[in-house]
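Number of protein chains: 2
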Amino acid sequence: MARWEPNTRERLVRAAVELFAEQGYEATTVNEIAERAGGLTKTTFFRHFTDKREVLFAGQEIHNRIMSEAIAEAPESATPLEMIGLALDGLASSFTEDRRDIGRRLRTVIASSAELRERSASKRAALSAATAQALRARGVSELVADLAAELGARAFYGAFDRWTSSADARTLVEYAHEVFGELKTAMSSLK
Amino acid sequence: MARWEPNTRERLVRAAVELFAEQGYEATTVNEIAERAGGLTKTTFFRHFTDKREVLFAGQEIHNRIMSEAIAEAPESATPLEMIGLALDGLASSFTEDRRDIGRRLRTVIASSAELRERSASKRAALSAATAQALRARGVSELVADLAAELGARAFYGAFDRWTSSADARTLVEYAHEVFGELKTAMSSLK
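Protein chains in written order, with my numbering: chain A, 2 to 192; chain B, 2 to 192.
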C-alpha cells in the first residue's frame, strides 16, 4: 500500500524533478511521475497537485506564509529591513541540506521552459506581494513596504542561486545573510 | 481590402482588449478579434501574433528596447538612478493619451485571469532584467544594477496604474516622475 506512506508529496516532487531533468518537462507524464515516486497512481498524484507544472511550485503558499508570519511576529521596535531579515531567516532555515541538490536540478528544469520561467516569475512576484502586505499590516507605508519586500525576494533568490550553485558546507541562511548584506550596501551606494 | 490597411496590429490589440472586457478572455476567439478589428481574417491575426494571449503583451520587446537604449545613450557622467530616470522618460513618453483608455481596460482584463497575471509578471520581470543588463553594460555592478532596474520597473508600473486610474490632463511622463521621486524618497528612508 505504497500510496499511504508518509512523505508522498515530497516523493512526488523529487520524482518529477528527476524525470524533468532526465527527459524534459514536456515529455514527462503524470503517470511516469507517480510511478517513479514508488509505484503510486495518477489519482494519488492529483490528490496532491492540480497538474504536473504545480509540482515544481508546491512551496509557494508555505513560503509566503513563513515570510508573512515572521513579519507579523517581529518585535514592535523592528525597522522594515530588520523585519525582512527575520523573515529571510525563517524562510531560509526551512530549507534543509537535502533540498540543495533538488534545488539545483529544479533551477535547470525551470530555465529550460518558457512556461516554467513565467510560472517562476509569478511565484517570485507572489512572494514579494505577500511580504509587502505583511509589512503594510505592520504600519509600513506602501512604497517602503514594496521596496523592502523586493529586497527580501531578491536576497532570497540570490541566496538560493548561490547555495544551489556551490558544494560547500554553508547553509542557505548564511547565504541569505551574505546577499542581504550586499544588497543593503548596494542600496546605500545607489544614487 | 481592409487587411492591407495601416495600423492592423494596433487595431487587433484594441479589438482584443474590447472583446476580452466585454465577454471575457477565455470566451473570446481569434476569429472574433480579427472580425472586430475591421473584418480581418484569422490568417492576418497570426501574421502579427502567435496567439490571443500575446496580443495583450505585444509591447514587451519594444519597451525593453526603449529602456535599454536610453541607458546605453545616457551621458558618461550619469549615475545609475539618473540613467533609470532617462529610461523611464523614454518609455513613458512612448505612451500617447489615446493609450490611456485601452490601458485601463487592459488592467481589468489581466486582473481577471490567473494565466494573464502570470504572463504579466513575466513581462515585468523581463523589463527589469533587460534594464539591469543595460546598466551592467554601462559598468554598474550586478546588485546595484538589479536594484536600480527594479526601482525603474516599480516606477513605471506604479505610474501606469495611476495614469490609467485617473482622468486628469497629466501625462504618463509626469506620473513617472512623481512615482520615481516617491520611490527615491522611500529608499532613502529605508532602514
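C-beta: ideal position from N, C-alpha, C; glycine also.
Just how far apart, CA to CA, sit residue i and residue j?
i	j	result
residue 38 of chain A	residue 16 of chain A	5 angstroms
residue 121 of chain A	residue 174 of chain B	31 angstroms
residue 89 of chain A	residue 117 of chain A	24 angstroms
residue 124 of chain A	residue 95 of chain A	17 angstroms
residue 65 of chain A	residue 167 of chain B	32 angstroms
residue 187 of chain B	residue 115 of chain B	30 angstroms
residue 136 of chain A	residue 127 of chain A	14 angstroms
residue 29 of chain B	residue 21 of chain B	6 angstroms
residue 162 of chain B	residue 102 of chain A	41 angstroms
residue 100 of chain B	residue 181 of chain A	39 angstroms
residue 59 of chain B	residue 13 of chain A	37 angstroms
residue 56 of chain A	residue 50 of chain A	6 angstroms
residue 119 of chain A	residue 113 of chain A	11 angstroms
residue 67 of chain A	residue 74 of chain A	11 angstroms
residue 54 of chain B	residue 54 of chain A	19 angstroms
residue 61 of chain A	residue 132 of chain A	12 angstroms
residue 134 of chain B	residue 36 of chain A	43 angstroms
residue 78 of chain B	residue 84 of chain A	36 angstroms
residue 27 of chain A	residue 80 of chain A	45 angstroms
residue 179 of chain B	residue 11 of chain B	29 angstroms
residue 142 of chain B	residue 52 of chain B	38 angstroms
Which residue from the options puts its Cα closest to that of residue i?
i	options	result
residue 159 of chain A	A/77, A/130, A/93	A/93
residue 152 of chain B	B/109, B/177, B/165, B/140	B/177
residue 42 of chain B	B/58, B/9, B/21, B/73	B/9
residue 144 of chain B	B/157, B/183, B/130, B/163	B/130
residue 23 of chain B	B/179, B/107, B/87, B/156	B/107
residue 109 of chain B	B/150, B/11, B/18, B/164	B/18
residue 45 of chain B	B/163, B/32, B/55	B/32
residue 104 of chain B	B/67, B/97, B/165	B/165
residue 183 of chain A	A/146, A/86, A/169, A/172	A/86
residue 139 of chain A	A/54, A/72, A/156, A/63	A/72
residue 82 of chain B	B/52, B/147, B/67	B/147
residue 185 of chain A	B/79, B/134, B/149, B/98	B/149
residue 98 of chain A	A/27, A/80, A/172	A/172
residue 91 of chain A	A/133, A/63, A/134, A/80	A/63
Within 10 angstroms of its Cβ, does residue i collect 16 or more other Cβ (buried), or is it exposed?
i	result
residue 47 of chain B	exposed
residue 111 of chain B	buried
residue 76 of chain A	exposed
residue 192 of chain A	exposed
residue 69 of chain B	buried
residue 154 of chain A	buried
residue 25 of chain A	exposed
residue 170 of chain B	exposed
residue 190 of chain A	exposed
residue 34 of chain B	buried
residue 40 of chain A	exposed
residue 156 of chain B	buried
Could you tell me whether the Cβ of residue i comes closer than 8 angstroms to any Cβ of chain D?
i	result
residue 191 of chain A	Although the question refers to chain D, the structure presented lacks it and instead comprises the protein chains A and B.
Checklist entry - Got a sec: which bits of the region 72-104 of chain B sit with their beta carbon under 7 angstroms from any beta carbon on chain A, in order along the chain? => result Residues 80, 81, 82.
Next on the checklist: What ranges does the alpha helix (DSSP H) occupy inside the region 17-66 of chain A, keeping only unbroken runs of at least 4 residues that lie completely in it?
Outcome noted: 31-37, 43-49, all fully within the region 17-66 of chain A.
Item to check | Cβ-based contacts, 8 angstroms cut-off: residues of the region 106-118 of chain A near chain B | outcome: Those would be 118, in chain order.
Checklist entry - Enumerated in chain order, which unbroken segments of the alpha helix (DSSP H) with a length of 4 residues or greater are wholly contained in the region 130-179 of chain B? => result Within the region 130-179 of chain B, the complete alpha helix (DSSP H) segments at least 4 residues long are 143-166, listed from N- to C-terminus.
Checklist entry - Using a beta-carbon distance cut-off of less than 7 angstroms, what residues from the region 145-176 of chain B approach chain A? => result The region 145-176 of chain B vs chain A, Cβ under 7 angstroms: 145, 147, 148, 149, 151, 155.
Next on the checklist: What ranges does the alpha helix (DSSP H) occupy inside the region 73-139 of chain B, keeping only unbroken runs of at least 4 residues that lie completely in it?
Outcome noted: Taken in chain order, the whole alpha helix (DSSP H) runs of length 4 or more contained in the region 73-139 of chain B are 81-94, 100-112, 115-138.
Checklist entry - When Cβ atoms are compared, which residues of the region 124-137 of chain A fall closer than 7 angstroms to chain B? => result With the criterion set as a beta carbon lying under 7 angstroms from some beta carbon of chain B, the members of the region 124-137 of chain A are 126, in sequence order.
Checklist entry - When you check each C-beta in the region 42-74 of chain A against every C-beta of chain B, which residues fall closer than 8 angstroms? => result Look at the region 42-74 of chain A: it has no residue with a C-beta under 8 angstroms from a C-beta of chain B.
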